[in-house]
Amino acid sequence: MNSISPNVLVDFSDLNIDVTGNQINPFVQPAAKESLRLALKQRGTKLVVNSVYRTVAQQYLLRKQFERKLFGITAAALPGSSNHESGLALDIEDPDGWERFFQPHNWIRLGRDFDFPHYDYRLPAATRRNLGKIGISAFQRLWNQYNPNDLIAEDGSFGPQTEARLANSPIDGFKLLFPRTLRLQSPPLQGDDVTKVQEALLRAQITQINLQVTGIFDAETEQAVKQFQAASQKLAVDGIVGPMTMQELGLEND
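Quick note: the sequence shown uses full-length UniProt numbering, first residue 1, plus one each step.
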């Protein structure tokens, strides 16, 4: 998604929230995050989040469960049309208690009867509504990249062809065909390649950063990369892990 439209979502895990479950992606649109920050500050208590941003794959699975009447799911939009895919929706604990704090900041209850914990962010002038299509386009690009003999249209529409390919995709995601350039951005880059860079930086024993191996390219990782680049005396000190920095880290063949 970032390759199609950079920085359309931001991480809000730095706010006073509790995210329940490692399947939760704590990303919303920038204006929605600012409104959340104001609502949290006003109430002064931690917000427990049960669901927020969903990938097209997550929405596809949820829709299938809804259609089959599984797990008591009472509502699930078609892939590409959910506000969760647009970074404009939250499912939370204590939705009644939060209502008077959320509503002045443009977070509106969707429906108490059929989707009790759900809130939508409703400020059209400050948000984009097409992130669901961007998420579908991102999947279509990935499919075509890894399946050059079975190409589909990259049109952002969730039709039968896209649904069939999504159903046949590896459950743990596509593997990288080639090393990507790693840099600090929002949402942060994550993956095995980030883990390998962090491990290589620690092995080098050059940097003075208290670096943790998390697989997330955060500000500490960027600073460690800069210190490594400066110590090499032949790399640009920009905090970006491209081919030259990969080679100096001994990762050119990974």
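Even for Gly, the Cβ is constructed at its ideal location relative to N, Cα and C.
Could you please give the first and the last residue of the uninterrupted beta strand (DSSP E) stretch that includes residue 262? One cannot answer for residue 262 here, as it falls past the ends of the chain, which runs 1 to 254.
Taking C-alpha atoms, which residue in 239, 114, 39, 68 lies nearest to residue 194? Closest option to residue 194, Cα to Cα, is 239.
Using the rule of at least 16 other Cβ atoms within 10 Å of the residue's Cβ for burial, across every protein chain shown, is residue 222 buried or exposed? By the neighbour-count rule (16 or more Cβ atoms within 10 Å), residue 222 is buried.
Who are residue 51's beta bridge partners in DSSP? According to DSSP, residue 51 bridges with 91.
If you check the beta carbons only, do residue 87 and residue 36 fall under 7 Å apart? Cβ atoms of residue 87 and residue 36: not closer than 7 Å.
According to DSSP, is residue 184 helix, strand or coil? Coil.
Please identify the residue among 224, 212, 66, 43 whose C-alpha is closest to the C-alpha of residue 78. Nearest of 224, 212, 66, 43 to residue 78, Cα basis: 66.
Identify whether residue 139 lies in helix, strand or coil by the three-state DSSP scheme. Three-state result, residue 139: helix.
For the alpha helix (DSSP H) holding residue 192, just list the boundary residues, first then last. Run containing residue 192: 192 to 204, per the alpha helix (DSSP H) assignment.
Counting only beta-carbon atoms, is residue 244 nearer than 7 Å to chain C? Going by chain labels, chain C is absent from the structure shown, which holds only one protein chain.
Please say whether residue 26 and residue 11 have beta carbons closer to each other than 7 Å? Yes, Cβ-Cβ distance for residue 11 and residue 26 is below 7 Å.
Taking only runs of the beta strand (DSSP E) that begin and end inside the segment 14 to 63, which ones reach a length of at least 3 residues, in chain order? Whole beta strand (DSSP E) segments, 3+ residues: 17 to 19, 47 to 51.
So, helix, strand or coil for residue 72, using DSSP? Correct three-state label for residue 72: coil.
Where residue 111 sits in the DSSP three-state scheme: The answer is strand: DSSP assigns residue 111 an E or B state.
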